[in-house]
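Chains as they are written, first to last, in our numbering: chain P, 1 to 406; chain A, 1001 to 1272.
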């Protein structure tokens, strides 16, 4: 990491209008500008509002079940024979993924702003479930937009959302996946902007979303930093997290950015392989552009049209990525790599068998790369892999791939 | 003088309002767009809003998104939009063309190259839906260098403070989005529109176009009583969509359907 100058003040990003270097910003239609302004103000006020922060912390402790453990996967580490792998167990949160850290925060903001209706987009369904959950908890009306394709891939989560009282709206436009659900949620917000709060599930979208979601997710990294020092007496040597939009990764990375000794790896979905073009890895194989309210790396064709992505994991199947990641890539602070469907599936089985932990397919990408990295390191080094979600939701997908009838 | 400025001055001298139809380039087939543009002018259109398709048109409703998808089946690019504009100019050097689209295709081309090519091919103004004035500094510089008017939207939610910000950078005209929501949404509250348009006039001298929710002659006429221009989008695109699978005489049928609508609007607007 010699490229990184210690002069960079990571905590000062983004600027007033949401820029991380040339990335981020507010590229939204005029109808939303006022709503984004109000949101920015509410979010900024909440940062210094002790009562708000105390309410957030209390919910994280008593409703989500934080802190989530940092677990030393000893058997897995031994089997690989390299660095020690520690798993940050976001899968043990209420609703089974890191997503709820953010939805609690945004729902509290919605409440503070007097909004009675929340909407969300979802890919894997984890963010939809986390939104439906907090909507139930706070007594708010909830509508979740989900690609028709994803509704099939993630049927258990669709049912979960309905049980929680949310209305799940299938999106049949475009590629019928996460990006199209985001378009549709944005349209709902434009139409119902007076009474509706849009809970975006990742560190993308127009400012203040990338910064706000990061701040709500940074609890992951703050805890992990403390836990690692408590357990090993020092900082980890490397961090690994999967990247769709990038919220679990930025949540883990952000509190460590100023620690130069800590290497970071963001793992994108290589799908069938980066060389095939059938993947969802804009940082590894895309170009900068503007989509969904911010400037960032995108999967696009020569004319600037967004191209369809492919990943076995619905949660990573997104053609963009949070703008802070785009910036961290360009300044060289974080390494962005990719794991294929095949590697993720193999990691899924290995972790399940060796540690008795069933990881989400999204998180399996991080596990796959983490194991590869560990093998190149020595046993006295430590890696934290963010286990962003549990895999129960994926068992139908996996059984189907492997030709097993449930 | 720019074509847009000349157009509004001409209409003003005749005490008429501008009728601005929107068509998506290449929808439902690339061969339809050019003859339709000429026919629309004959039917009473004063300015043509030429859509550039984008894969993720998040400010538009399902009608325009479907039009973009139909157009993208033929891989319609900004170069195709320019080519249509250039061909149009061979017969019509007076009717302004305003391109409407999303930022990413323009980003990929680069603001300078985009502005240069747009100007060379006879495009007079550009509306980029997801480009607010706050991010638009370089974009505006590039457009103005080539005498292209950057046209901005004003929404029902736009504050007076923002109206001033928009007034400082906009030229050509401003486009008042008369409904919260996306294109092609429900019906229009005309009294509310009058109130907003009058408010906007306090902050700028530019002509004001009103669009979203105008789908018949009656609404067009009542909106034109307060606005300088009436924009008709989804009502036209719906007529194109209805003929999308037509194999023969597709252009002729679309031209008839669309010009019938425009003629009725023109007549009602002029009768006011």
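Just so you know, even glycine gets a beta-carbon here, dropped at the ideal spot from N, CA and C.
Of the listed residues the options, nearest to residue i (C-alpha basis)
i, options, result
"residue 1248 of chain A", "A:1131, A:1009, A:1168, A:1031", "A:1031"
"residue 1234 of chain A", "A:1001, A:1005, A:1021, A:1071", "A:1021"
"residue 1211 of chain A", "A:1100, A:1239, A:1267", "A:1100"
"residue 1143 of chain A", "A:1172, A:1213, A:1164", "A:1172"
"residue 1230 of chain A", "A:1028, A:1246, A:1266", "A:1266"
"residue 11 of chain P", "P:355, P:275, P:258", "P:258"
"residue 459 of chain P", "P:154, P:85, P:68, P:67", "Nothing about residue 459 of chain P can be read from this structure; chain P reaches only from 1 to 406."
"residue 143 of chain P", "P:284, P:126, P:120", "P:120"
"residue 146 of chain P", "P:89, P:268, P:362, P:181", "P:181"
"residue 230 of chain P", "P:72, P:325, P:282", "P:72"
"residue 388 of chain P", "P:397, P:402, P:361, P:133", "P:361"
"residue 370 of chain P", "P:26, P:40, P:55, P:76", "P:76"
"residue 14 of chain P", "P:176, P:393, P:151, P:204", "P:204"
"residue 126 of chain P", "P:91, P:106, P:115, P:105", "P:91"
"residue 43 of chain P", "P:67, P:64, P:18", "P:18"
"residue 1112 of chain A", "A:1146, A:1084, A:1228", "A:1146"
"residue 1195 of chain A", "A:1169, A:1036, A:1131, A:1225", "A:1225"
"residue 1041 of chain A", "A:1071, A:1093, A:1166, A:1167", "A:1093"
"residue 1077 of chain A", "A:1006, A:1117, A:1217, A:1189", "A:1117"
"residue 409 of chain P", "P:273, P:263, P:341, P:342", "In the structure displayed, chain P extends from 1 to 406; residue 409 of chain P sits before or after that span and is not available."
"residue 992 of chain A", "A:1228, A:1242, A:1087, A:1259", "Only positions 1001 to 1272 of chain A appear in the structure, and residue 992 of chain A is not among them; the question remains open."
"residue 178 of chain P", "P:26, P:310, P:274, P:271", "P:310"
"residue 1103 of chain A", "P:134, P:374, P:220, P:295", "P:295"
"residue 102 of chain P", "P:405, P:40, P:220", "P:220"
"residue 187 of chain P", "A:1193, A:1056, A:1047, A:1045", "A:1056"
Residue i, enclosing beta strand (DSSP E) - first and last residue
i, result
"residue 119 of chain P", "117 to 122"
"residue 1097 of chain A", "1097 to 1101"
"residue 197 of chain P", "196 to 198"
"residue 1024 of chain A", "1018 to 1024"
"residue 288 of chain P", "287 to 291"
"residue 982 of chain A", "In the structure as shown, chain A begins at 1001 and stops at 1272. Residue 982 of chain A is therefore absent and cannot be evaluated."
"residue 345 of chain P", "Careful: residue 345 of chain P lies outside any beta strand (DSSP E), inside the alpha helix (DSSP H) at 341 to 355."
"residue 1149 of chain A", "1149 to 1151"
CB contact flag (residue i, residue j, <8 Å)
i, j, result
"residue 315 of chain P", "residue 123 of chain P", "yes"
"residue 1049 of chain A", "residue 290 of chain P", "no"
"residue 331 of chain P", "residue 83 of chain P", "no"
"residue 35 of chain P", "residue 1157 of chain A", "yes"
"residue 1098 of chain A", "residue 1140 of chain A", "no"
"residue 235 of chain P", "residue 253 of chain P", "no"
"residue 1206 of chain A", "residue 1175 of chain A", "no"
"residue 118 of chain P", "residue 110 of chain P", "yes"
"residue 1052 of chain A", "residue 1081 of chain A", "yes"
"residue 202 of chain P", "residue 261 of chain P", "no"
"residue 23 of chain P", "residue 224 of chain P", "no"
"residue 267 of chain P", "residue 242 of chain P", "yes"
"residue 107 of chain P", "residue 129 of chain P", "no"
"residue 1061 of chain A", "residue 1096 of chain A", "no"
"residue 1026 of chain A", "residue 1088 of chain A", "no"
"residue 297 of chain P", "residue 334 of chain P", "no"
Neighbouring residues, chain A, relative to residue i (Cβ below 7 Å)
i, result
"residue 211 of chain P", "Result: empty, since nearest Cβ-Cβ is about 16 Å, beyond 7 Å."
"residue 31 of chain P", "1155, 1157, 1177, 1180"
"residue 179 of chain P", "1056"
"residue 306 of chain P", "1055, 1056"
"residue 186 of chain P", "1058"
"residue 367 of chain P", "By Cβ distance, chain A contributes nothing, its closest Cβ being about 31 Å from residue 367 of chain P, past 7 Å."
Within chain P, partners of residue i - CB distance below 8 Å
i, result
"residue 1130 of chain A", "27, 28, 29, 290, 293"
"residue 1168 of chain A", "None at all; the shortest Cβ gap to chain P is about 15 Å."
"residue 1062 of chain A", "173"
Limits of the alpha helix (DSSP H) - the one that residue i falls within
i, result
"residue 80 of chain P", "74 to 80"
"residue 255 of chain P", "Unbroken run through residue 255 of chain P: none, as it is neither H nor E."
"residue 1030 of chain A", "1030 to 1042"
Interface partners of residue i on chain A, CB under 9 Å
i, result
"residue 35 of chain P", "1157"
"residue 174 of chain P", "1055, 1056, 1065, 1069"
"residue 324 of chain P", "Those do not exist, as residue 324 of chain P stays about 17 Å from chain A at its closest Cβ, beyond 9 Å."
Proximal residues of chain P, C-beta to C-beta of residue i below 9 Å
i, result
"residue 1224 of chain A", "Residues of chain P passing the Cβ test: none, with the nearest at roughly 22 Å."
"residue 1035 of chain A", "Within chain P, no residue comes near residue 1035 of chain A; the closest Cβ sits about 24 Å away, beyond 9 Å."
"residue 1051 of chain A", "The premise fails here: residue 1051 of chain A is roughly 14 Å from chain P at the closest Cβ pair, so nothing lies under 9 Å."
Neighbouring residues, chain A, relative to residue i (Cβ below 8 Å)
i, result
"residue 147 of chain P", "The contacting residues do not exist; residue 147 of chain P stays about 13 Å from chain A at best."
"residue 300 of chain P", "1104, 1108"
Within chain P, partners of residue i - CB distance below 7 Å
i, result
"residue 1067 of chain A", "Correct list: empty, because the minimum Cβ distance to chain P is about 12 Å."
"residue 1077 of chain A", "303"
Residue i: contacting residues in chain D (beta-carbon distance under 9 Å)
i, result
"residue 1215 of chain A", "Given the protein chain composition of this structure (P and A), no chain D is represented."
| said: Taking contact to mean 3 or more Cβ pairs, one atom from each stretch, closer than 8 Å, check whether the stretch 161 to 177 of chain P and the stretch 290 to 299 of chain P are in contact. | reply: no
| message | Below 8 Å, how does it come out for the stretch 389 to 403 of chain P and the stretch 94 to 111 of chain P: are there three or more Cβ pairs, yes or no? | response | yes
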